[in-house]
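A.B. asks: Numbers 1 to 314, taken from the UniProt record's numbering, label the letters of the sequence shown in order. Backbone N, C-alpha and C fix where the C-beta goes; we use that ideal spot for every residue, glycine too. The structure displayed is predicted, hence computed values, not measured ones. Take this structure first; my questions come after.
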Amino acid sequence: MTGRFISTHSVVLTIPLHIDHLPERGASEHADTATSQPGGGFTALAAVAALGVPAAMVSPLGTGPNSFAVRRQLVEAGVEILTEELVGDIGVAMTLVEADGSTTSVVTSGVESEPSRRVLDRVELRPGDLVHVAGADLTRETSAEVLSSWAAGLPGEVTLVLSVSPAVDQVPVWAWKKLLRRADVVTMNIREASTLGRILASSEPGTGVRHVLRPEAALVRRLGVMGCEVQADAAQARVQIPAFDSVVVDTAGVGDTHIAVMCAGILAGMDLVGACRMANAASALTISHESALPVPTRDQIDQVLAEGGVTYSY
1 MTGRFISTHS VVLTIPLHID HLPERGASEH ADTATSQPGG GFTALAAVAA
51 LGVPAAMVSP LGTGPNSFAV RRQLVEAGVE ILTEELVGDI GVAMTLVEAD
101 GSTTSVVTSG VESEPSRRVL DRVELRPGDL VHVAGADLTR ETSAEVLSSW
151 AAGLPGEVTL VLSVSPAVDQ VPVWAWKKLL RRADVVTMNI REASTLGRIL
201 ASSEPGTGVR HVLRPEAALV RRLGVMGCEV QADAAQARVQ IPAFDSVVVD
251 TAGVGDTHIA VMCAGILAGM DLVGACRMAN AASALTISHE SALPVPTRDQ
301 IDQVLAEGGV TYSY
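Right, dumping it as structure tokens:
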């Protein structure tokens, strides 16, 4: 193991609502409610820790009951918490899960939207550590400034993984450019890749993601049922890694799972293609049951890798 997985991705409390389909504007829809659970950055932290990789969180938690419940579950998952308590509580995400497994979320903000540069600067980074910054936390000007400035100044022996989020168009373009210039790996899905490319081109015609990245930086594009596409650096051809067979029950948290297992693979010394193949296997497990929890175990991932798909239900 070369280092730790250190995540700035904020953690919120998630309340999933299962519906047949999204209602029309002004209409209503009956929903079945599942038990509330931690979401956001929790999934990635728990998934990394479940694979035996040291995981630490530097996103704020509060003094309220939601933060208390999440803090307890982080400790149970084996995640180290490097932040101080803030007065207040974390936000809540209402997640609408349609019958086909697709998800739509509405999120309220809490103390997790107030990252502290002072706290981040006090994190003792070690050679080989991997820092994960999520685009979901960059939609506010203040948090975008704090996170992008801190991450842009990370030492060269620390790997920066930047994950683009569904809220890609709500992030200031200057923050994207600052982070992209420092990132070692950028991961995004098809829609996010298209939107980010359009945003960069609108601010500077002819500019795409690869133009802003350093030549040695890697790109990962998650393709859903088609798996993912990897470009290890600017000189390499893109490599498509197929998805593993699975039944889609719920896509909530599948992106976070893919990112987490990819990062765990990198920290374990795997090359990016191997790490993403393992991440594809973990994603197949995640979508095969309701919610992103429980996270996949190493034995489950190894079974999918060996058998070519998910052959049992949870």
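Whose CA, out of G88, G39, T2, lies closest to the CA of A136?
C.D. replies: Comparing Cα-Cα distances from A136 to each of G88, G39, T2, the minimum goes to G39.
A.B. asks: What is the rounded straight-line gap between the Cα of A264 and the Cα of G309?
C.D. replies: Distance between the alpha carbons of A264 and G309: 20 Å.
A.B. asks: Which residues in the same chain as S283 place their Cβ atom closer than 6 Å to its Cβ, once the five residues preceding and following it in sequence are excluded?
C.D. replies: Same-chain partners within the cutoff: V254, T257, H258.
A.B. asks: Can you tell me where the beta strand (DSSP E) with L130 in it begins and where it stops?
C.D. replies: 130 to 134 is the span of the beta strand (DSSP E), which, as asked, contains L130.
A.B. asks: Name the one or two DSSP bridge partners that L13 has.
C.D. replies: Answer is P38, V92.
A.B. asks: Where does the unbroken alpha helix (DSSP H) through Q73 begin, and where does it stop?
C.D. replies: Segment 65 to 76, the alpha helix (DSSP H) holding Q73.
A.B. asks: Hey, would you say L130 sits closer than 9 Å to G3, going by beta carbons?
C.D. replies: Yes, these two residues count as a Cβ contact at 9 Å.
A.B. asks: Scan the region 121 to 208 and note each continuous alpha helix (DSSP H) run of 4 residues or more that stays entirely inside, going in chain order.
C.D. replies: Those alpha helix (DSSP H) runs which fall completely within the region 121 to 208 and span 4+ residues are 141 to 152, 173 to 182, 190 to 203.
A.B. asks: Where does the unbroken beta strand (DSSP E) through A56 begin, and where does it stop?
C.D. replies: Per DSSP, A56 belongs to the beta strand (DSSP E) from 55 to 57.
A.B. asks: Measure from the alpha carbon of M262 to the alpha carbon of each residue in V247, G26, A252, M278, then state which is nearest.
C.D. replies: Nearest of V247, G26, A252, M278 to M262, Cα basis: M278.
A.B. asks: Going by C-alpha to C-alpha distance, which of T187, P155, R181, R198 sits closest to Q170?
C.D. replies: Closest by alpha carbon: R198.
A.B. asks: In whole angstroms, what separates the C-alpha of E290 from that of P205?
C.D. replies: Going by the C-alpha atoms only, they are around 42 Å apart.
A.B. asks: Using DSSP with H/G/I as helix, E/B as strand and the rest coil, what is Q236?
C.D. replies: Q236 falls in the coil class under three-state DSSP.
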